[in-house]
Every structure is written in C-alpha cells, then in structure tokens.
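I have placed the structure first, in the form of structure tokens, so that the comments after it can refer back to it.
In the numbering used here, the protein residues as written are 4 to 264.
Below, the structure is given as structure tokens:
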C-alpha cells in the first residue's frame, strides 16, 4: 500500500472507553488511524464500525501489550512506513486500594504502561517528528494527575508523572521553536471499563458510585476540543465537572536564576 501521501493518527488503548470513542471521533474528521490495544477482536470490531461510516478511511490495527517493554519498541518500529501526524497515548490502567495492601505485580504493570510505555513512545515520536508542521502529542493523564485521590495513590502518582512529563515537553518544544505541540488530557470519572479493572470486579455501576461523571463519547469530544486549541491542558474540574482548556498548570522553573548553567 502506498502511504506516502497519507498521514495517520495513532491511538493506544483503543479497544474500549475513551480510546475507542476517540478513534471514531478522529475518523469523523477524515483522519487515517493506527489503533493498538491488547484485544485484537475489539480492534477488529472498531475497524469495521469506522469503515461502515467512513469507508474512505485507512484503519491499521495492531494488537499488542504495551506493558511489555520489548513490545513498545516493536510497535513503534512497525509504524516506520506510515507518516504520522498525531500520537495519542491513551493506554493506561488504574488500581484502587491502599499502598499497604496493593498487589505489587499489578503495580508493576501499572507503572510499565502508564509511565514507561508512554515515555518511550512519546520520546520516539518526538525524535522523529518534532519539527514536522501540524504534529501533536496528546497524553491522557487524569484529574488524579493534579489531585491525589484517596485509595488511588499509586495511580495518581503515575498520572502526576504524565502531567509533569507532558507539560514539561510542551515547554521544551516551545522554547526550542519546534513545530510539534505536546498536550495533556485530564479526565475525571468517566464511564468506561476503568472502574471494573481498577477495582478488580466484574460489574461496576458508575451511577451508584459517583454523583456525576462523563461518558466516553463526551471525553472524546473534549479531546477534539483540546486537539483544535492552542492550549496545553484540557482538564475536567473534579468538583464541577466542567471541561477547561488552560495553559500549563504545574510550576515551571524556565527562567530561574538557580537552574543549571
């Protein structure tokens, strides 16, 4: 297939939730897609759904477990023949429970996916595309990446990393006058499979658990708003659930006299 005249939007964690809906939202914009997740059957269903509505789209699917380090590099290498425009690191997992009782194997997987895979894929994309006009890196954090939530300390810590890493990248890219933009999406409670997996249960009712929450299609719309904007952060206010587009939130010592010389 000749891909020389096409560009692609990459979305990780596309088999459900925000990633699934984001894929449909970007397809509605006429974007070609490269989608990855562990569940290949769900990716095939998503591809069929997109092509039914947008038969002109080119949809590439890759089933891979990005919590395994070798798979992260292998996945990126497999995309060398596809010109990329936007990279959305959406894949991630959560874990409710105290640190004193948390399962370390689950914590290892959480850090491998939320932190390691996101960092490596972001870095590889930046190395190759930092000075290509119109490119964007969007990393999905959480309002728990700006506020520590009880019983979710390890998860929040991983998302604080995502927020700090991505906001810092945005500052670096801007200071170096590169063309790529780095952005952070920070959802609050969103009705997805996250609730089941983070709580290790087979059923999870968001209506009973939260007084208010967003749906995955709503968050996909917020993601497009962030994509269209010149702001760095798209965050859901955890108290009002309003979506806000803002400049970087975290303190940045860009002009400090005490920086290393």
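Heads up, the beta-carbon is just placed ideally off N, CA and C, and yes, glycines get one too.
This one's a predicted model, so the numbers in the text were calculated from it and none came from an experiment.
As the crow flies, the alpha-carbon of residue 95 is around 10 Å from that of residue 161. Cβ neighbours of residue 113 within its own chain (closer than 7 Å, five residues either side excluded): 96, 98, 157, 158, 161. If you draw a 10 Å sphere on the C-beta of residue 93, you find 16 or more other C-beta atoms in it, and that means buried. In the three-state reduction of the DSSP assignment, residue 87 falls in the strand class. With 16 or more other Cβ atoms from the protein chains shown falling within 10 Å of its own Cβ, residue 169 counts as buried.
By the Cβ-count criterion, residue 201 is buried, with 16 or more other Cβ atoms from all chains shown falling within 10 Å of its own Cβ. With distances taken between CA atoms, residue 18 lies nearest to 51 out of 32, 244, 51, 34. Each of 84, 61, 209, 120 was checked against the Cα of residue 76, and the nearest Cα belongs to 120.
In this structure residue 13 is in contact with residue 91, their Cβ atoms being roughly 7 Å apart against a cut-off of 8 Å. In its chain, beyond the 5 residues on either side, 14, 16, 93 have a beta carbon closer than 6 Å to the beta carbon of residue 22. Beta-bridge partners assigned by DSSP to residue 38: 14, 64. Measuring C-alpha to C-alpha distances from residue 61 to each of 82, 36, 72 identifies 36 as the nearest. Closest by C-alpha distance to residue 248, out of 262, 259, 228, 132, is 228. Under DSSP, residue 217 takes part in a beta bridge, and its partners are 193. A direct Cα-Cα distance of roughly 34 Å separates residue 128 from residue 242. For the region 76 to 156, the continuous beta strand (DSSP E) assignments of 3+ residues that do not extend past its boundaries occur at 87 to 92, 139 to 143, in sequence order. In terms of Cβ geometry, residue 86 and residue 166 do not form a close pair [threshold 7 Å].
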